[in-house]
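Enquirer: Going by numbering that gives the first Met the number 0, the first residue of the sequence shown is number 0, and it counts up by one from there.
All C-beta atoms, glycine included, are put in the ideal place defined by N, C-alpha and C.
Note that the coordinates shown come from a computational prediction; the quantities given were computed from them, not determined experimentally.
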Amino acid sequence: MANIEALKKSRKNERAAFTKASNRVEELIALEDVDICELEAELNVFKGKVDRLENTHSNILELLPEKDYDAEFEIVEDFR
0 MANIEALKKS RKNERAAFTK ASNRVEELIA LEDVDICELE AELNVFKGKV
50 DRLENTHSNI LELLPEKDYD AEFEIVEDFR
């Protein structure tokens with residue numbers, strides 16, 4: 000169970016990083032004279048955050064007891 004708690008703690012930090020990267024991409028998209036190279040770089044950063052968060056979500060779901068799976072799955076889906 001400790002491993003699940005460590006993953007959930009990691010997920011909290013990953014969600015914060017995801018949100019920060021998402022906000023940065025949105026800021027760049029809103030600019031009239033956005034630098035396409037900068038936008039592409041930030042999109043790559045964002046994709047990395049998405050991939051890492053998805054991996055952590057999957058790891059948490061794999062370790063959960065069946066009785067807790069549905070509730071946790073809904074949390075994951077709400078975040079998507």
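#1: Just to confirm, are Leu-27 and Glu-39 a CB contact at a threshold of 7 Å?
#2: Exposed or buried, which one is Leu-6 when buried takes at least 16 other CB atoms within 10 Å?
#3: Taking just the CA atoms, how far does Ser-21 sit from Asn-12?
#4: The alpha helix (DSSP H) spanning Glu-33 covers which residue range?
#5: So is Ile-59 buried or exposed if we call it buried at 16+ other beta carbons inside 10 Å?
#6: Residues in its own chain within less than 6 Å of Val-75 by CB, not counting five upstream and five downstream?
Expert: Let's see:
#1: no
#2: buried
#3: 14 Å
#4: Contrary to the premise, residue 33 reads as Val rather than Glu in this sequence. From DSSP, Val-33 is part of no alpha helix (DSSP H); its letter is neither H nor E.
#5: The C-beta of Ile-59 has 16 or more other C-beta atoms within 10 Å across all chains shown, which makes the residue buried.
#6: If you ignore the 5 residues before and after Val-75, its C-beta comes within less than 6 Å of the C-beta of His-56, all in its own chain and listed in chain order.
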